[in-house]
Amino acid sequence: MTQIVPGGASHDEFPGNDVVPRPAGVPDRFENPGLPEHRPRLADIDRKAARRAELQVSLFFVLSSAGTVLTIVGYFVFKLDGASATELEASNFLIGFGLFLTLFGIGVGAVHWAKTLMPDHEMIEERHAVESTPQTKADAAEIIADGIDESGIRRRPLILASLGGALAIAPLPAIVLLKDTGPNPGDSLRTTLWANGVRLVQDPTRNPVRASDIVLGSIFHVLPEGLTVESEYDYLEEKAKAAAIVIRLEVSEVAEEARPGSYAGLVAYSKICTHMGCSVALYEQTTQHLLCPCHQSTFDLRQNCKVIFGPAKRALPQLPIGVDDEGYLLATGGLAGTPGPSFWELG
Amino acid sequence: MTTTAPASRPAVPRATKRTTVDKLADFADSRIGAAQIVKGSARKIFPDHWSFMLGEVALYSFVILLLSGVFLTFFYIPSAGLVQYDGAYEPLRGQWVSESYASTVDISWDVRGGLLMRQIHHWAALIFVAATIVHMARVFFTGAFRKPRELNWVIGALLALLAVFEGFAGYSLPDDLLSGTGLRIASAIILAIPIIGSYMSFWVFGGQFPGESFIPRLYTIHVLLLPAIMLALIAAHLFLVVLHKHTQYPGPGRTNKNVVGYPLLPVYAAKAGGFFFIVFGVIALMAATMQINPIWLYGPYDPSPITAGSQPDWYMGFLDGAVRMMPGWLEFQIGGYTLSGQTLIPALILPGLLTGLLVMYPWIEQWATGDRREHHLLDRPRNAPTRTGLGVMGLTFYCILWANGGNDIIATEFNLSINDITWFTRIFLIVLPPLAFVITKRICLGLQRRDRERVLHGKETGEVFRLESGETLERHEPLPEAERWLLVQHDGYTPIEAASATDANGVRRPGTPFDGVKRRLSRFYFGDAVLPVTPAELAAAHAVQGGHEAIGNGGTDHAISGSADVARTGATRLDH
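Here the protein sequences line up with chains A and B, keeping their order. Residue numbers for the first sequence, in the working numbering: 588 to 934. Residue numbers for the second sequence, in the working numbering: 13 to 588.
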């Protein structure tokens, strides 16, 4: 046990505390001086002051009533049918300010009342230990013991064992029944709509992209053709995996390993961050970096979108591209890797 | 009624006229024993201090959340099904959006008072979490979590954790671009869980992200499951406050065995009840004047677009900051499987550890200090220097993580490199918290020493004398008793002594293997403790200065060294 020193019993080992011999008749500790004398407030002694406080309190309550009227008026003044932003703002302010007066008036009035007019004599209540008396504890223990005894559970181990087993596995259905909350992942985390021959179309216009449209320093956000709200696919789910970008680099800037999938300096990459799946949509033209706004993972386009900063580990997978007879960009295969965040089975 | 009862009926004593109130009181009493309840609790005493309002703010914002939330449920449609928006907000017309997004925009633009309710709900949520955490800090720094209140501390910590989850669930429901991005991150965190991660993600989202199942499921969790659990915990929290009676700050008349303050009826009914209206009123004013989460500007969730400076609500900021701080090499392959340490550590392990430490702290301190007594008098933070140091250390750690959650904003606002900020915060996270501990502890010890000085030497009066011998003195007045009491009332602690291996009879003591650790921990807590002044010390201090008693008019005198000090004091009286 730590020694709890009621003021200076063993001061010796403390540097900075003088060693003081305790003279006879000097107590161990200081005495609690007790509650200070009550000081009356102005309203306690001056009838005028009390009357003033009463008026102030009532004024706040009246203000509250005014606020309620204002709220209701504000509600009916602005109909919000085909509202403009200013009308919405005005309606919001009027109703809100009215409500503020309604509530604040009651609140401040009540607190002011308590502070100025209600008695402010401090009162003392004794505390009692939370712990029960030994007798109560003994009684409680006996009651429990009697209960266990009367149930006979100690004498009938078969009941205890079988009940224990039943209770132990009883929660299993709760887990099993949740199984149907979703299908198994299968390979859906790895597959996207990108495949050889799928055209790249712009998001959101859905226009196909000509190689010549993309000039140095611009970024094109693309989706696989055919992915629309009305299409047979799970729209947002497929989009969350397939969203990609196309950027033009100087041909010499395209990394060696990215060349086969590039087309005349044009490179396409998944824009779903390999860290947590945000959209890697911030493009720095001068450095040819892609930056994810969520956690700042930075990918270098000149290094085949390798991670050069931030919490992502894997490079953004490349989308191999070429052009069709009409000069439109199309995929020449699926993504070079798994888009989006890592998971256990990714390998 | 003036007629007397006929003789045939049993006479009912009707000494006084019964008012409606009397009748209602009787009704309640004969059915639920109301008189006993009133007698037992209506005049309950609560101590007064501004810091006790922090918990009240949290409680009241929770009530406001329930009220405004009910209104929102009348209009909100928890469905991820896509519809073409055709409401009042022009720029969105014709766009394919989820029903939950469309209905949230409708609440804002087409329902009168709807925007106000949304903004009240959102502001109240931010304030709820903030008040919870500040309240927790108050409880920590004043030692209010000590026996017998450890369990209530645990309940509070769970409430804080649930509040964060509940808030996240709430701001995810509108299914706007920002909140959808947050859910994308949540799904990535689930995916990172070893072995079962991808399965769990598919169960939670009902298939691939985002799916159409999650929004309705989240809705049930947000409006039913979590609020019900929180309400139960809050009820238990308040029940324990009543059972234990409120703690109080030390002061004259306040002891560990009493509560000094004002009665529930009428003072606290008016003050606390009124304060609810004040909190509600202020939140209404905020909602009326300060825009929050204008989802119509963000647009519906779409996995492809994103806005720069994507930020979660403030209470998720520390987690986001931790995630941003991680280096990518924490992800690696083991036996053909992928382990994403850079996600698991900040998003699951760190919050788990922090919560665990918080929950365990009362017992950690008890174990280290060996103090298992009941405490109802609060500590002044300076009188628990090690605890205060640890608390500030924790807060520093938290704040660095939180600041890094806004590293992109800091970078653009102050024109700094985001990479540098991230590197600096990584270093800060390791260096600053221990530094904060040492500095805080030193400040506390310094304040304690100053308290001792004030008690031993009293107040400087500014009256300076010169003795015949040429010695210069300033008269000091002893502190008034009430003022002194605050500085000497606390217990002093000394570390555990190393017990000898054998007892008085030469028999080996039954030690535990943790004795050494315990001693070191105890030294850590109390090794450089400053003890409160004792009456003996004060008497001795007076005796030392007693030679000048006659001059000091009963006060104590304190020799000052140089004449420069004399020159500085205003009222210089050299020939007393």
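Built from N, CA and C at the ideal position, the CB exists for glycine as well. Note that this is a predicted model, so its numbers are computed, not measured.
- Inter-segment contact for the segment 887 to 900 of chain A and the segment 304 to 315 of chain B is absent: fewer than three beta-carbon pairs are separated by less than 8 Å.
- Put simply, the CB of Tyr349/B is near chain A, with a gap under 8 Å to one of its CB atoms.
- Taken in chain order, the members of the segment 610 to 634 of chain A whose beta-carbon sits within less than 8 Å of a beta-carbon on chain B are Pro610, Val613, Pro614, Asp615, Arg616, Phe617, Asn619, Pro620, Gly621, Leu622, Pro623.
- Among the CB atoms of chain B, one or more fall inside 8 Å of the CB of Phe684/A.
- Against chain B, a Cβ distance below 8 Å from Trp781/A picks out nothing, because the smallest value is about 14 Å.
- Taking 7 Å as the cut-off between beta carbons, the residues of the segment 823 to 857 of chain A near chain B are Leu823, Glu824, Lys826, Ala827, Ala830, in sequence order.
- Across the set Trp781/A, Pro620/A, Glu843/A, Leu750/A, the C-alpha of Trp781/A shows the shortest separation from the C-alpha of Lys826/A.
- Per DSSP, Val467/B is not a residue of any beta strand (DSSP E); the alpha helix (DSSP H) it occupies stretches across 430 to 469.
- By alpha-carbon distance to Leu836/A, the top candidate from Leu803/A, Thr874/A, Ala830/A is Leu803/A.
- Residue pairing by DSSP puts Phe344/B in a beta bridge opposite Leu351/B.
- For Asn305/B, not one C-beta of chain A is nearer than 8 Å to its own C-beta.
- Within the segment 701 to 714 of chain A, those residues whose Cβ lies closer than 9 Å to any Cβ of chain B are, in chain order, Ala701, Lys702, Met705, Pro706, Asp707, His708, Glu709, Met710, Ile711, Glu712, Glu713, Arg714.
- Annotated three-state conformation of Asn270/B is strand, per DSSP.
- Excluding the 5 residues flanking it on each side, Asp325/B has same chain C-beta neighbours closer than 7 Å at Leu138, Gly179, Tyr183, in chain order.
- CA-to-CA, the gap between Leu195/B and Gly219/B works out to about 14 Å.
- In terms of Cβ geometry, Arg626/A and Lys269/B do not form a close pair [threshold 8 Å].
- Distance from the CA of Leu230/B to the CA of Lys766/A, rounded to the nearest whole angstrom, comes to 17 Å.
- Beyond the five residues adjoining it in sequence on each side, Phe153/B comes within less than 7 Å, by CB distance, of Pro393, Thr400, Gly403 in the same chain, given in chain order.
- At least one CB atom of chain A sits nearer than 8 Å to the CB of Val271/B.
- Collapsing the DSSP output to three states places Tyr856/A in a strand.
- In the structure shown, the three-state DSSP call for Thr484/B is strand.
- For Tyr327/B, same chain residues with a beta-carbon under 7 Å away, outside a window of 5 residues either side, are Val141, Val176, Gly179 in chain order.
- Annotation for Arg835/A: the continuous beta strand (DSSP E) segment containing it runs 831 to 835.
- For Thr768/A, the closest Cβ of chain B is nearer than 8 Å.
- Here the C-alpha atom of Leu550/B lies approximately 21 Å from the C-alpha atom of Pro262/B.
- In terms of CA proximity to Phe87/B, Ser120/B leads the group Pro228/B, Ile44/B, Ser120/B.
- Phe886/A sits close to Ala902/A, with the two beta carbons spaced by under 8 Å.
- Residue-level contact check: Ala677/A does not touch chain B, since none of the beta carbons of chain B fall below 8 Å from its beta carbon.
- For Met338/B, a Cβ of chain A is located within less than 8 Å of the residue's own Cβ.
- Taking the CA atoms as reference points, Ile208/B sits about 11 Å from Pro772/A.
- Annotation: Ser115/B to Met129/B spans about 14 Å, alpha carbon to alpha carbon.
- Distance from the CA atom of Gly348/B to the CA atom of Ser775/A, rounded to whole angstroms, is 19 Å.
- Residue burial is scored here from C-beta neighbours: Lys635/A has fewer than 16 other C-beta atoms within 10 angstroms and is therefore classed as exposed.
- Each residue's CA atom was taken as its position, placing Lys893/A and Asp911/A some 29 Å apart.
- Only residues of its own chain outside the window of five on either side were considered, and among them Pro264 have a CB closer than 7 Å to the CB of Ala494/B, listed in chain order.
- Taking a C-beta distance under 8 Å as the contact criterion, Leu174/B and Met242/B qualify as a contact pair.
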